[in-house]
Amino acid sequence: VRRGISKTTYVAGHGRQVMEHETSAQRSKQMSRIRSKDTKPELLVRQLVHGMGYRYRLHRRDLPGSPDLVFPSRHKVILVHGCFWHRHPDPQCPLTRTPKSRLDFWVPKFEANRQRDLENEARLGALGWGILVVWECQLRHLAIVEVRVREFLEG
Ligand SMILES: [Zn+2]
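Quick note on numbering: the sequence shown equals residues 2 to 156 in this note's numbering.
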């Protein structure tokens, strides 16, 4: 990706582009309703995918779990999962720490999140949607994510 330009500059540039692209009264009204979903990992993926030239819909609520990025004509969705809340199963993941106290509080929450993810993915799959899950910790290597996204969307 663009040699000679730092990753920060690259991402910031697309950040402005995406913000301009999405600015409208309707958009900000919707944003306020779904603010909890507009996490930083998701914004990074949106900027990356937008910069790759793909267009998508956000959080289509008529689909199971309101998938983060929806590509209707390709019948594909990208889900961006925060490693901590969604419990990234990769043993190498540096972000899926387990709290040391209040396990009676955390464990049921984690299990409910994981269960909801599995159900949503199963329902999306049953409806014929292709699914790519991007985990938060994978965003440290955007070039790899870019390759995976392109293979997924073109495949
Ligand atoms: Zn992770």
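Where a beta carbon is used, it is the ideal one built from N, C-alpha and C, also for glycine.
Practice problem: Answer with buried or exposed for residue 77, where buried requires no fewer than 16 other C-beta atoms within 10 angstroms of its C-beta. | Solution: buried
Quiz prompt | Cα-Cα separation between residue 54 and residue 105, rounded to whole angstroms | solution = 45 Å
Exercise. Go through its chain and collect everything with a Cβ distance to residue 97's Cβ below 7 Å, but skip five positions before and after it.
Key: 84, 85, 88 and 89
Quiz item: Cβ of residue 64 within 6 Å of any heavy atom in ligand 1?
Solution: no
Exercise. Check whether the Cβ atoms of residue 73 and residue 125 sit closer than 7 Å, and answer yes or no.
Key: no
Exercise. Please list, following the chain, all residues that have a C-beta closer than 6 Å to any non-hydrogen atom of ligand 1.
Key: 84, 89, 91, 94, 96, 97, 136, 137 and 138
Quiz item: Nearest to residue 122 by CA position, among 44, 42 and 68, is which residue?
Solution: 68
Quiz item: Going along the chain, which residues of its own chain have a beta-carbon closer than 6 Å to the beta-carbon of residue 61, five neighbours each way excluded?
Solution: 71
Practice problem: Measure from the alpha carbon of residue 41 to the alpha carbon of each residue in 58, 82 and 132, then state which is nearest. | Solution: 82
Exercise. Enumerate in chain order the residues of its own chain whose CB-to-CB distance from residue 146 is below 8 Å, with the five nearest sequence positions on each side excluded.
Key: 46, 49, 135, 139 and 140
Exercise. Taking 7 Å as the cut-off, decide whether the C-beta atoms of residue 153 and residue 128 are in contact.
Key: no
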